[in-house]
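Residues in the sequence shown are numbered from 237 upward in steps of one, following my numbering.
Quick reminder that beta carbons are idealized off the backbone N, C-alpha and C, glycines included.
Notes follow once the structure below has been shown.
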Amino acid sequence: MTLSSVRGPDAIAEPRSSGINVIVVGLGIGGLAAAIECHRKGHLVTILEKASSPRAQGDCIGIGTNAARVVSKWGTNGQVHRQLEAQVSHVRAVDIHDHTGAFIVTNEMSGFRKGDGYFLNRCDLANILYKHTQELGIEVKFSARVSEYFETHESAGVIVNGQRMSADCVIASDGVHSKARGFVTDMDPSPVSSGYAAFRAYFDADEITSDPEANWLLAGAGKTDQALAFVGRGCELTMCTVKLGQAVMWIFTHADPNGNARESWTAPANVQDVLDRIKDWPCWGRIAPIIKRTPAGKAINFPLLTRPPLETWLSPERRVLLVGDAAHPYLPMAGQGASQAIEDAAVLAIALELSGKENVPLGLQAAEKIRHHRATLIQTGGKENHDSWHQPDWDAIKENPDLMKTPRPTWILGHDCQSSAYEELPIAVEAILLHKEYVPVNIPAEGMHRANDFKGLKQSLGGR
Numbered sequence: 237m238t239l240s241s242v243r244g245p246d247a248i249a250e251p252r253s254s255g256i257n258v259i260v261v262g263l264g265i266g267g268l269a270a271a272i273e274c275h276r277k278g279h280l281v282t283i284l285e286k287a288s289s290p291r292a293q294g295d296c297i298g299i300g301t302n303a304a305r306v307v308s309k310w311g312t313n314g315q316v317h318r319q320l321e322a323q324v325s326h327v328r329a330v331d332i333h334d335h336t337g338a339f340i341v342t343n344e345m346s347g348f349r350k351g352d353g354y355f356l357n358r359c360d361l362a363n364i365l366y367k368h369t370q371e372l373g374i375e376v377k378f379s380a381r382v383s384e385y386f387e388t389h390e391s392a393g394v395i396v397n398g399q400r401m402s403a404d405c406v407i408a409s410d411g412v413h414s415k416a417r418g419f420v421t422d423m424d425p426s427p428v429s430s431g432y433a434a435f436r437a438y439f440d441a442d443e444i445t446s447d448p449e450a451n452w453l454l455a456g457a458g459k460t461d462q463a464l465a466f467v468g469r470g471c472e473l474t475m476c477t478v479k480l481g482q483a484v485m486w487i488f489t490h491a492d493p494n495g496n497a498r499e500s501w502t503a504p505a506n507v508q509d510v511l512d513r514i515k516d517w518p519c520w521g522r523i524a525p526i527i528k529r530t531p532a533g534k535a536i537n538f539p540l541l542t543r544p545p546l547e548t549w550l551s552p553e554r555r556v557l558l559v560g561d562a563a564h565p566y567l568p569m570a571g572q573g574a575s576q577a578i579e580d581a582a583v584l585a586i587a588l589e590l591s592g593k594e595n596v597p598l599g600l601q602a603a604e605k606i607r608h609h610r611a612t613l614i615q616t617g618g619k620e621n622h623d624s625w626h627q628p629d630w631d632a633i634k635e636n637p638d639l640m641k642t643p644r645p646t647w648i649l650g651h652d653c654q655s656s657a658y659e660e661l662p663i664a665v666e667a668i669l670l671h672k673e674y675v676p677v678n679i680p681a682e683g684m685h686r687a688n689d690f691k692g693l694k695q696s697l698g699g700r
């Protein structure tokens, strides 16, 4: 790790050199990224986490190239990148089938496969990032329950465990049920059911190794991973291996018109419910044995909820900023939840660096200017992708199977948020001070969710 007095996307400032104190609320991916990026830009960071210890939940998560190019810089000589690559799935593509088991098309994992990004277990990702915060000496306060947010013209803070704690700004990464959102804006929309929910499971591959009807999924274990999807009417099953066949993940997305599923990462589900929903599928005999082998307590049924985009992520005095799911929650089909949280983190850290301690509100306002249009467009586009995938036009797909491929837009995956921030933040600040419109350059020119093919990195992430 090389410290530098020169500012730029790859530069690392002396610790605490900016004089800016930052409170980060929440130890999720967005909070961890915000803390790490703020530390890299010379800000003093304290993380507040309500849990008593680091504990991540969930199955697998994708970090696209747009965010991986940020993460790959962390640690000495790309140390964090190497640790993540040791945990990723080596899936290169997903073979998509219909509910009979008939092959439709191969969907490349461009932007997320090894060398482009990271697709791995959420717990592994969170643990590696938490470990890195400790290597950097970032303070984390556990069992820290935030009951209230406050701000003045000069500072912002929280009431945590009954005690008042102040800083120059607060970065609220407190998730989809954000308490900070109600402080920042009167617009605190209730979640709305998308009409779908997803059974999700992640478990050790040893559970299927000895089962001849299930262990076909482990073909190539030790050398590669594989992924398959089976699409029916109003439902879809994806299953894959991770870490060269050491673990198995499956997700079954299904209609949930009444929104009855409970929004919880811990409420167990009965896999028999999945088996009952696909009992008439001709490919039952191939996929059911894997689902049956799911250990008790390893499956959940998670509702897919949507929320209207917020008009602002910034508090009235511009010292409390929402990031990640607190600001812009995504449906899984967007494939950008964690990636956009990491972009939030990188841009806000640079904004604070460039604004300085005397102009923290202006810096955060400029960061929001740069990020809001982009994150909102991806949020709404993710809903469109979800609907098109789960309500397929089979006649059109028969004529053009490529319609089943997931869009990999260059404007999303090819974006360099850090280089762009150094170029665009002064422009955004000028627009704010002169009361002019800021025109973002990190979205398509026509301002619409454009599904261009992603052509991949010009250089490998592993080259760092």
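**Prompt:** Assuming residue 565 contacts residue 543 under a Cβ cut-off of 8 Å, what Cβ separation, rounded to an integer in Å, is found between them?
**Reply:** By 1-based counting over the sequence shown, the position of residue 565 is 329. By 1-based counting over the sequence shown, the position of residue 543 is 307. Contact flag correct, Cβ pair sits at about 6 Å.
**Prompt:** What's the gap between the Cα of residue 547 and the Cα of residue 342?
**Reply:** By one-based count along the sequence shown, residue 547 stands at place 311. By one-based count along the sequence shown, residue 342 stands at place 106. Going from the Cα of residue 547 to the Cα of residue 342 covers about 38 Å.
**Request:** Scan the segment 390–436 and note each continuous alpha helix (DSSP H) run of 4 residues or more that stays entirely inside, going in chain order.
**Result:** 416–420
**Item:** alpha helix (DSSP H) runs contained entirely in the segment 497–558, provided each spans 4 or more residues
**Value:** 507–513 and 520–528
**Message:** Using DSSP's beta-bridge definition, name the partner residues of residue 444.
**Reply:** Position 208 of the sequence shown, counted from the start, is the residue given in the question as residue 444. Per DSSP, none; premise fails for residue 444.
**Request:** Answer yes or no: do residue 257 and residue 404 have a C-beta to C-beta separation smaller than 7 Å?
**Result:** One-based indexing of the sequence shown puts residue 257 at position 21. One-based indexing of the sequence shown puts residue 404 at position 168. Cβ atoms of residue 257 and residue 404: closer than 7 Å.
**Message:** Using only CA atoms, which one of 277, 261, 260 and 264 lies nearest to residue 658?
**Reply:** On the sequence shown, position 422 is the one that residue 658 refers to. Considering only alpha carbons, the answer is 277.
**Asked** For residue 419, which residues of its own chain have a beta-carbon under 6 Å away from its beta-carbon, when the five flanking residues on both sides are left out?
**Response** As a first step, residue 419 is located in the sequence shown; it is residue number 183 there, counting from the start. Closer than 6 Å at Cβ, skipping near neighbours: 385.
**Message:** For residue 370, would you say it is in contact with chain C, using Cβ-to-Cβ distances shorter than 7 Å as the test?
**Reply:** Among the protein chains of the structure shown there is no chain C, as only one such chain exists.
**Prompt:** If you drop the 5 nearest sequence neighbours on each side, which residues of the same chain put their C-beta closer than 6 Å to that of residue 375?
**Reply:** Within the sequence shown, residue 375 is the residue found at index 139, counting from 1. So the qualifying residues of the chain are 282.
**Prompt:** Would residue 638 be called buried (16 or more neighbouring beta carbons within 10 Å of its own) or exposed?
**Reply:** Within the sequence shown, residue 638 is the residue found at index 402, counting from 1. Looking at its Cβ environment, which holds fewer than 16 other Cβ atoms inside 10 Å, residue 638 is exposed.
**Asked** Taking buried to mean at least 16 other C-beta atoms within 10 Å of its own C-beta, is residue 423 buried or exposed?
**Response** Within the sequence shown, numbered from 1, the residue matching residue 423 stands at position 187. By the neighbour-count rule (16 or more Cβ atoms within 10 Å), residue 423 is not buried but exposed.
**Outcome for residue 361 when other beta-carbon atoms lying within 10 angstroms are tallied against a minimum of 16** = Taking the first residue of the sequence shown as 1, we reach residue 361 at position 125. With 16 or more other Cβ atoms within 10 Å, it is buried.
**Request:** Could you please give the first and the last residue of the uninterrupted alpha helix (DSSP H) stretch that includes residue 648?
**Result:** Counted from its first residue, the sequence shown places residue 648 at position 412. Segment 646–649, the alpha helix (DSSP H) holding residue 648.
**Prompt:** Mapping DSSP to helix, strand and coil, what is residue 261?
**Reply:** By one-based count along the sequence shown, residue 261 stands at place 25. Residue state, collapsed to three classes: strand.
**Request:** Enumerate in chain order the residues of its own chain whose CB-to-CB distance from residue 431 is below 6 Å, with the five nearest sequence positions on each side excluded.
**Result:** Position 195 of the sequence shown, counting from 1, holds the residue named residue 431. Counting only Cβ-Cβ distances below 6 Å, and skipping sequence neighbours, we find 493.
**Asked** By the 10 Å Cβ neighbour count, where 16 or more other Cβ atoms means buried, how is residue 672 classified, buried or exposed?
**Response** Taking the first residue of the sequence shown as 1, we reach residue 672 at position 436. Residue 672 should be labelled exposed.
**Asked** In whole angstroms, what is the alpha-carbon distance linking residue 725 and residue 337?
**Response** Here the chain has residues from 237 to 700 only, and residue 725 is not among them.
**Extent of the continuous alpha helix (DSSP H) run through residue 368** = Counting from one through the sequence shown, the residue named residue 368 turns up at place 132. It spans 358–372 - the alpha helix (DSSP H) in which residue 368 sits, taken as one unbroken run.
**Request:** For residue 237, name the three-state secondary structure that DSSP assigns.
**Result:** Position 1 of the sequence shown, counted from the first residue, corresponds to residue 237. Caution is warranted here: a pLDDT of 42 is assigned to residue 237, below 50, making its placement in the model unreliable, and no coordinate value can be reported.
**Request:** Buried or exposed for residue 389, please, with buried defined as at least 16 other CB atoms from any protein chain shown within 10 angstroms of its CB.
**Result:** The residue you call residue 389 lines up with position 153 of the sequence shown. Residue 389 should be labelled exposed.
**The alpha helix (DSSP H) enclosing residue 321, as first and last residue numbers** = Residue 321 sits at position 85 when you count from the first residue of the sequence shown. Its alpha helix (DSSP H) spans residues 315–321.
**Prompt:** Between residue 271 and residue 369, what straight-line distance do the alpha-carbon atoms span, to the nearest angstrom?
**Reply:** For the purposes of this step, residue 271 is taken as the residue at position 35 of the sequence shown. For the purposes of this step, residue 369 is taken as the residue at position 133 of the sequence shown. Looking at the two C-alpha atoms, the distance is approximately 8 Å.
**Asked** Can you tell me whether DSSP reads residue 689 as helix, strand or coil?
**Response** Taking the first residue of the sequence shown as position 1, residue 689 is located at position 453. Because residue 689 carries a pLDDT of 40, less than 50, the predicted location of this residue cannot be relied on, and the following value inherits that uncertainty. Coil, per DSSP.
**Prompt:** So what does residue 285 bridge to, in DSSP terms?
**Reply:** Indexing the sequence shown from 1 puts residue 285 at position 49. According to DSSP, residue 285 bridges with nothing at all.
**Message:** Are the CB atoms of residue 587 and residue 701 within a distance shorter than 7 Å?
**Reply:** There is simply no residue 701 to check, as the chain begins at 237 and stops at 700 in what is shown.
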